[in-house]
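First up is the structure itself, then whatever we jot down about it.
Chains as they are written, first to last, in the numbering used here: chain A, 1346 to 1729; chain B, 165 to 461.
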């Protein structure tokens, strides 16, 4: 009996995550499948941040970070299985995939285990709304991005727009936010079309737009690879010359390799590297660590994610208690990440971050600025 | 009227690509009763060859034949390594083998190349458009229509006037009798795979020239469309595959073009509903194969 008690006591000590010297972070992200385009660069950034912090002796010089990685194959069911496994492994923070839909699949597990979960780069503002107190996003919200790009379009003197969206996911409905802001600021919405994710052929939609009597000044879509290049090429081939506005999903090397068809495309994303700014510093670190140039801002977004976790653990003074870390994240303010400053205080889990406007010029990115959106214009999150 | 003609040109181009894809499945099915779900991975291989050629600044006119050759060689290798050992197995065995080949290849692409999609550099010409009889047609649409015609003419000639082609037709009709006539099973089956690799390679060039990127899972969508088109046309029948491909292309484009805006969200279910309707009226497909049951050798 004594031996049993001793063993139980040792077991209980081992199982208790509180005040340990190691912070376990569980990564349930998509390293394969459709979301790998986003999740895999984010996780590269996560590794750079973790290696940097651990090399300096851990968070605050005491708490080392241990990553436990699982591939969820871009599958919602697999995400919830991986989340459960990670919870069982005693993680203090969970990292979920770059899309609201698989992240939400894990929400039951996250809420009942009361462990804070951060999506790598999902940008749907409904994610923390549905996800509850333990769900955080790590990217500028869709409604904020759409406000920034619509304001830019209106400033450029564009009066009419046509939107192409897909009801298949939360993210691909961003053009509906765009249309709302565009109309609120005095523009006209000429029409809308829907597509499905993975659709190969956009010629029917392109022909319809080309045959409109009044050509739209702007066409807005949040389609991403491989749909976006197909759509863009179909529109240009049909003779549509409107300004195309996209979103962070097209912040990938393909967009810059489309030649004439891609020229002039404008999109919103999480940040832009300028000489000496934190993102440029991060890119230098990335190149030193991996030997390759960072090709997408999603690398830096991964670095931001760990910076948020680090800041939260500094607030808890090294405690790895999930509840304390959650409370700390929810009250973070002005944390300097690689792409922007990040504030969770006063939000429901959708961080306040900068939105950068980028234009494709000669196959390179041209920075148009990071205008602050007018808070009154930001549409309320839309439930799909 | 002009809008209708314009959309018809779009439908011809898409339908042509689907026809090539469905033919690739049908050629193999007609001979050995196997629906090769790894057909899409042949396209992915061709896509990656185009990508590497772009990186190495190989001109597009050389990259295209290289990509198609790679797809043909991969198809022949696939038959030799994966399908020949299970050729006398049941239909289910071969089907599962084809899924396994597809998955193994996808994992290899993910681990050896990249899980992320990679840009493919394409000549600017492909994004241009030309005016034909008052219609604006994209160069890649014209290329799709032209290569479909060339491939169909070539296939017709090959099947009618080439020894291997004639042997393939004979084998499709009755493999046992064909073998008694001295036709070598290995040659015929390898020939069928080479032909399907050729069709996959051409379709891949058309497919990639639209999307400008290639990723490990790229092959899934086209093989799904090809499967629908092949069933619609009549499994195992080559003419049926062509008819099914074009019909599927026309259904998709006309629905996207002329369905009222509030119905557009239901475009895909309506399209597949029409496919089911066609199959209810013609259960064996539009142009069924004379010998539906493929034999094992």
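Ideal placement from N, C-alpha and C gives every residue a C-beta, glycine not left out.
Item to complete: Decide yes or no for the touch test of the stretch 1632-1646 of chain A against the stretch 1601-1617 of chain A: beta carbon pairs closer than 8 Å, at least 3 of them.
Response: yes
Worksheet item: Hey, would you say residue 401 of chain B sits closer than 8 Å to residue 452 of chain B, going by beta carbons?
Response: Here the question's residue 401 of chain B lines up with position 237 in the second chain. Here the question's residue 452 of chain B lines up with position 288 in the second chain. Cβ atoms of residue 401 of chain B and residue 452 of chain B: closer than 8 Å.
Worksheet item: In chain order, what residues of the same chain have a beta carbon less than 6 Å from the beta carbon of residue 306 of chain B, not counting five sequence neighbours either side?
Response: Working through the second chain from its first residue, we reach residue 306 of chain B at position 142. Once the five neighbours on either side are set aside, residue 306 of chain B has no close Cβ partner at all.
Practice prompt. Find the nearest neighbour of residue 349 of chain B within the set B:241, B:298 and B:248, judged by alpha-carbon distance.
Written response: Mapped onto the second chain, residue 349 of chain B falls at position 185. Looking at the Cα atoms, B:248 is the closest of the given residues.
Practice prompt. Look up residue 1416 of chain A in the DSSP assignment and say whether it is helix, strand or coil.
Written response: One-based indexing of the first chain puts residue 1416 of chain A at position 71. In the structure shown, residue 1416 of chain A sits in a strand (DSSP, three-state: E or B).
Worksheet item: For the alpha helix (DSSP H) that residue 288 of chain B lies in, which residues bound it at each end?
Response: Residue mapping note: residue 288 of chain B aligns to position 124 of the second chain, counting from 1. It is not in any alpha helix (DSSP H) - residue 288 of chain B carries neither H nor E in the DSSP assignment.
Worksheet entry | For residue 1748 of chain A: DSSP bridge partner residues | Summary: the structure shown does not reach residue 1748 of chain A, with chain A confined to residues 1346 through 1729, and so no result is reported for it.
Item to complete: Grab me the residues of residue 363 of chain B's own chain with a C-beta within less than 6 Å of its C-beta, minus the 5 sequence neighbours each way, in chain order.
Response: Locating residue 363 of chain B in the second chain gives position 199, where the first residue counts as 1. So the list reads 184, 187 and 188, once near-sequence residues are dropped.
Item to complete: Have a look at residue 1622 of chain A and residue 1682 of chain A and give me their C-alpha separation to the nearest angstrom.
Response: One-based indexing of the first chain puts residue 1622 of chain A at position 277. One-based indexing of the first chain puts residue 1682 of chain A at position 337. Looking at the two C-alpha atoms, the distance is approximately 11 Å.
Practice prompt. Evaluate contact between the stretch 226-238 of chain B and the stretch 196-214 of chain B, counting only Cβ atoms and requiring at least three cross-stretch pairs below 8 Å.
Written response: yes
Worksheet item: What does residue 241 of chain B touch in chain A if you count any residue whose Cβ is under 9 Å from its own?
Response: Translated into positions along the second chain, residue 241 of chain B becomes position 77. Per Cβ cutoff of 9 Å: no residues; residue 241 of chain B is ~24 Å from chain A at best.
Discussion item. If you reduce the DSSP assignment to three classes, tell me which class residue 1557 of chain A lands in.
Written reply: For this step, residue 1557 of chain A is matched to residue 212 along the first chain. In this structure, residue 1557 of chain A counts as coil in the three-state DSSP scheme.
Worksheet entry | Exposure of residue 1437 of chain A, with buried meaning 16 or more beta-carbon neighbours within 10 Å | Here residue 1437 of chain A refers to the residue found at position 92 of the first chain. Residue 1437 of chain A comes out buried.
Worksheet item: For chain B, is any of its Cβ atoms less than 8 Å away from the one on residue 1635 of chain A?
Response: If you number the first chain from 1, residue 1635 of chain A lands on position 290. Taking Cβ atoms only, chain B never reaches closer than 8 Å to residue 1635 of chain A, which makes this a no.
Discussion item. Per DSSP, what are the beta-bridge partners of residue 296 of chain B in this structure?
Written reply: Taking the first residue of the second chain as 1, we reach residue 296 of chain B at position 132. Answer is B:299, bridged to residue 296 of chain B.
Discussion item. For a quick check, are the C-beta atoms of residue 1482 of chain A and residue 1695 of chain A less than 8 Å apart?
Written reply: For the purposes of this step, residue 1482 of chain A is taken as residue 137 along the first chain, with counting starting at 1. For the purposes of this step, residue 1695 of chain A is taken as residue 350 along the first chain, with counting starting at 1. Contact flag set, yes.
Worksheet item: Using CA coordinates, which residue listed in A:1662, A:1640 and A:1697 is at the minimum distance from residue 1387 of chain A?
Response: Translated into the one-based positions of the first chain, residue 1387 of chain A becomes position 42. Residue A:1640 is the option with its Cα nearest to residue 1387 of chain A.
Worksheet item: Taking 8 Å as the CB-CB cut-off, is residue 274 of chain B touching chain A?
Response: Here residue 274 of chain B corresponds to residue number 110 of the second chain, with the count starting at 1. Yes, residue 274 of chain B lies at the interface with chain A (some Cβ there is under 8 Å from its Cβ).
Practice prompt. Identify, in the order they occur along the chain, each residue of the same chain with its Cβ nearer than 7 Å to the Cβ of residue 1680 of chain A, setting aside the five sequence neighbours on each side.
Written response: As a working note, residue 1680 of chain A is residue 335 in the first chain. Closer than 7 Å at Cβ, skipping near neighbours: 1652, 1653, 1656, 1686 and 1687.
Worksheet item: Is there contact between the stretch 1454-1471 of chain A and the stretch 1665-1677 of chain A, where contact requires at least three CB pairs shorter than 8 Å?
Response: yes
Worksheet item: If we count Cβ pairs, one from each stretch, closer than 8 Å, do we get three or more for the stretch 404-412 of chain B versus the stretch 337-353 of chain B?
Response: no
Practice prompt. Look at the Cβ atom of residue 1445 of chain A, then the Cβ atom of residue 1516 of chain A, and state whether they are nearer than 8 Å.
Written response: Residue numbering aside, residue 1445 of chain A sits at position 100 when the first chain is read from its first letter. Residue numbering aside, residue 1516 of chain A sits at position 171 when the first chain is read from its first letter. Going by C-beta atoms, residue 1445 of chain A is nearer than 8 Å to residue 1516 of chain A.
Fill in: Closer than 7 Å at the beta carbon, the chain A residues around residue 281 of chain B
Along the second chain, one-based indexing puts residue 281 of chain B at 117. The contacting residues are 1382, 1570, 1571 and 1599.
Fill in: residue 275 of chain B burial status per 10 Å Cβ neighbour count (16 or more: buried)
Taking the second chain and counting its residues from 1, one reaches residue 275 of chain B at position 111. Exposed, by the Cβ-count rule.
Fill in: Buried versus exposed call for residue 460 of chain B [16 or more other C-beta atoms within 10 Å across all chains shown]
Residue 460 of chain B sits at position 296 when you count from the first residue of the second chain. Unreliable positioning characterises residue 460 of chain B in this predicted model, as indicated by a pLDDT of 46, which lies under 50. The coordinate reading is nonetheless provided below. Residue 460 of chain B comes out exposed.
Discussion item. Looking at residue 1367 of chain A: is its Cβ nearer than 8 Å to the Cβ of residue 1722 of chain A?
Written reply: Working through the first chain from its first residue, we reach residue 1367 of chain A at position 22. Working through the first chain from its first residue, we reach residue 1722 of chain A at position 377. No. Outside cutoff.
Practice prompt. Check distances from the C-beta atoms of the stretch 295-306 of chain B to those of chain A and list, in chain order, the residues that come in under 9 Å.
Written response: 300, 301, 302, 303, 304 and 305
Discussion item. Give me the residue from A:1709, A:1663, A:1650 and A:1552 with the minimum Cα distance to residue 1394 of chain A.
Written reply: Indexing the first chain from 1 puts residue 1394 of chain A at position 49. Taking only the C-alpha atoms, the option nearest residue 1394 of chain A is A:1650.
Worksheet item: Which of the three DSSP states, helix, strand or coil, is assigned to residue 1718 of chain A?
Response: Mapped onto the first chain, residue 1718 of chain A falls at position 373. In this structure, residue 1718 of chain A counts as coil in the three-state DSSP scheme.
Worksheet item: When the Cα atoms are used, what is the spatial distance from residue 316 of chain B to residue 414 of chain B?
Response: Residue 316 of chain B sits at position 152 when you count from the first residue of the second chain. Residue 414 of chain B sits at position 250 when you count from the first residue of the second chain. Looking at the two C-alpha atoms, the distance is approximately 18 Å.
Discussion item. Strictly under 8 Å for the Cβ-Cβ distance: is residue 1638 of chain A near chain B by that measure?
Written reply: Residue 1638 of chain A sits at position 293 when you count from the first residue of the first chain. Output row for residue 1638 of chain A: interface = no.
Worksheet item: Which word fits residue 168 of chain B, buried or exposed, when buried means at least 16 other C-beta atoms lie within 10 angstroms of its C-beta?
Response: Position 4 of the second chain, counted from the start, is the residue given in the question as residue 168 of chain B. Flag for residue 168 of chain B reads exposed.
Worksheet entry | Presumed contact (8 Å Cβ cut-off) between residue 449 of chain B and residue 399 of chain B, rounded CB distance | For the purposes of this step, residue 449 of chain B is taken as residue 285 along the second chain, with counting starting at 1. For the purposes of this step, residue 399 of chain B is taken as residue 235 along the second chain, with counting starting at 1. At roughly 7 Å, the Cβ-Cβ gap stays under 8 Å, so residue 449 of chain B and residue 399 of chain B are in contact.
Discussion item. Suppose the cutoff is 6 Å on Cβ atoms and the five residues either side in sequence are ignored; what does the same chain contact list for residue 1363 of chain A look like?
Written reply: Locating residue 1363 of chain A in the first chain gives position 18, where the first residue counts as 1. The predicted model places residue 1363 of chain A with a pLDDT of 44, which falls under 50 and marks its position as unreliable; any figure quoted below should be read in that light. So the list reads 1666, once near-sequence residues are dropped.
Worksheet entry | Residues, ordered as in the chain, of the stretch 374-393 of chain B that lie near chain A by beta-carbon distance below 9 Å | 374, 375, 376, 377, 378, 379, 380, 381, 382, 384, 385, 386 and 389
Item to complete: Give me whichever residues DSSP pairs with residue 1709 of chain A in a beta bridge.
Response: Indexing the first chain from 1 puts residue 1709 of chain A at position 364. DSSP output for residue 1709 of chain A lists A:1706 as bridge partner(s).
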